[in-house]
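Per the working numbering, residue 199 is the first one in the sequence shown, and the count goes up by one each step.
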Amino acid sequence: MQGNELILSVRGLDISFQTTAGMVHAIRGVDLDLHRGETVAIVGESGSGKSVSMKAVMGILDKNSIVNSGEIRYTYLDKGTPKTVDILKMDRKSIRRTINGRRIAMVFQDPMTSLDPTMTVGKQIMEGMLLHEGIGKHQAWQRAVSLLQRVGIPEPEKRMKNYPHQLSGGMRQRVVIAIALACDPDVLICDEPTTALDVTIQAKILELIKTIQQEMQLSVIYITHDLGVVAKVADYVNVMYAGNIVERGLIGEVFYDPRHPYTWGLLSAMPDLETNDERL
């Protein structure tokens, strides 16, 4: 649940995209807070702006994006001293060096598209450590093996030499999580982390992320369209529709006393809520 330490604060985030069909206004004044150790979910249908918002937090917006206004203030420890930066004011090189993948990491939806098919699993886990941590290959190898163990992959030294196509879908997603954890981040953003997996594997991946969060005192943001996932993992939920956050609150507040019609619609589509029959 929520701690006292605010580590991420998004205020008035407003983003458009220049397309061949003209300007598309994708994000409309989004606010979001994340405290240390907290799990926050952003839920909404495809195209609602969930992933674009988090790409802005990661500093990886597409080149045709235009940030109209807003700030993304992130607080971290720099040699033991708290430091706050506005990610929107940083250049890409600075973001890559100090934020992206190092202090804020992302677990993407489809491991087959986020993993490089031409590189071994080991090299992909080690890549971030060698870039950000300033350690040698031997130490990076040992840490990568330890990470594979941590995410529940058997025979980790053997798997280090495998290519992504040699692993099952569930194991590939565990590798993606290991890559995200490689530089000991403060914030983990999970973008539909179980969508590409079957139901039995989904539950195991969610439980794995929850366990790692507790062990590493991570703050986690889930991006999802699935309220069932939200109910299992989140402390707070933000409901996003057409680039706006239309409702936010504690899970219990939003699930059992929704105020916005769009939230009602999402909840009515859930087969396992006790109140479904009344709403339908």
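From the three backbone atoms N, C-alpha and C, an ideal C-beta is built for every residue, glycine too.
Do N298 and G350 have their C-beta atoms closer together than 8 angstroms?
Walking along the sequence shown from the start, residue 298 turns up at place 100. Walking along the sequence shown from the start, residue 350 turns up at place 152. Taking 8 angstroms as the Cβ cut-off, N298 and G350 do not qualify as a contacting pair.
Can V319 and M358 be called in contact, C-beta distance under 8 angstroms?
In the sequence shown, counting from the first residue as 1, residue 319 sits at position 121. In the sequence shown, counting from the first residue as 1, residue 358 sits at position 160. Yes; because the gap between Cβ atoms is below 8 angstroms, this pair is in contact.
Classify D389: buried if its beta carbon has 16 or more other beta carbons within 10 angstroms, exposed otherwise.
Residue numbering aside, residue 389 sits at position 191 when the sequence shown is read from its first letter. Answer is buried; the Cβ neighbour count reaches 16.
At which residues does the beta strand (DSSP E) containing V241 begin and terminate?
In the sequence shown, residue 241 corresponds to position 43, counting from 1. Looking at the DSSP string, the run of the beta strand (DSSP E) that includes V241 is 237-241.
Answer yes or no: do I302 and V255 have a C-beta to C-beta separation smaller than 8 angstroms?
As a position in the sequence shown, residue 302 is number 104, starting the count at 1. As a position in the sequence shown, residue 255 is number 57, starting the count at 1. Yes, they are a contact pair.
Beta carbon proximity, L211 to chain C, threshold 8 angstroms:
Given the protein chain composition of this structure (a single chain), no chain C is represented.
Through-space distance from A429 to S417, alpha-carbon basis
As a working note, residue 417 is residue 219 in the sequence shown. As a working note, residue 429 is residue 231 in the sequence shown. In this model, S417 and A429 are separated by some 17 angstroms (Cα to Cα).
Per DSSP, A303 is paired with what?
One-based indexing of the sequence shown puts residue 303 at position 105. Answer is L386.
Rounded to whole angstroms, what's the CA-CA distance from N262 to P352? Just pull it up for me.
Position 64 of the sequence shown, counting from 1, holds the residue named residue 262. Position 154 of the sequence shown, counting from 1, holds the residue named residue 352. If you take the alpha carbons of N262 and P352, they lie about 42 angstroms apart.
Have a look at I240, T217, M221 and flag the residue whose alpha-carbon is nearest the alpha-carbon of V228.
The residue given as residue 228 occupies position 30 in the sequence shown. The candidate whose alpha carbon is nearest that of V228 is I240.
Residues near V452 in its chain [Cβ-Cβ closer than 8 angstroms; skip 5 each side]
Along the sequence shown, one-based indexing puts residue 452 at 254. The answer, listed in chain order, is V435, V437, E445, R446, T461.
Under the assumption that P383 contacts R370 (Cβ atoms under 8 angstroms), give the Cβ distance between them as a whole number of angstroms.
As a first step, residue 383 is located in the sequence shown; it is residue number 185 there, counting from the start. As a first step, residue 370 is located in the sequence shown; it is residue number 172 there, counting from the start. Actually they are not in contact, since the Cβ atoms of P383 and R370 sit about 20 angstroms apart, beyond 8 angstroms.
Excluding the 5 residues preceding and the 5 following T392 in the sequence, name in chain order all residues of the same chain whose CB lies nearer than 6 angstroms to its CB.
Taking the sequence shown and counting its residues from 1, one reaches residue 392 at position 194. Within the same chain, T392 has close Cβ partners Q400, I403.
Could you tell me whether the region 314-334 touches the region 405-425, using the rule of 3 or more Cβ pairs below 8 angstroms?
The region 314-334 makes no contact with the region 405-425; the number of CB pairs closer than 8 angstroms stays below 3.
So the alpha helix (DSSP H) I419 belongs to, where does it begin and stop?
By one-based count along the sequence shown, residue 419 stands at place 221. Unbroken run through I419 is the beta strand (DSSP E), 417-422; no alpha helix (DSSP H).
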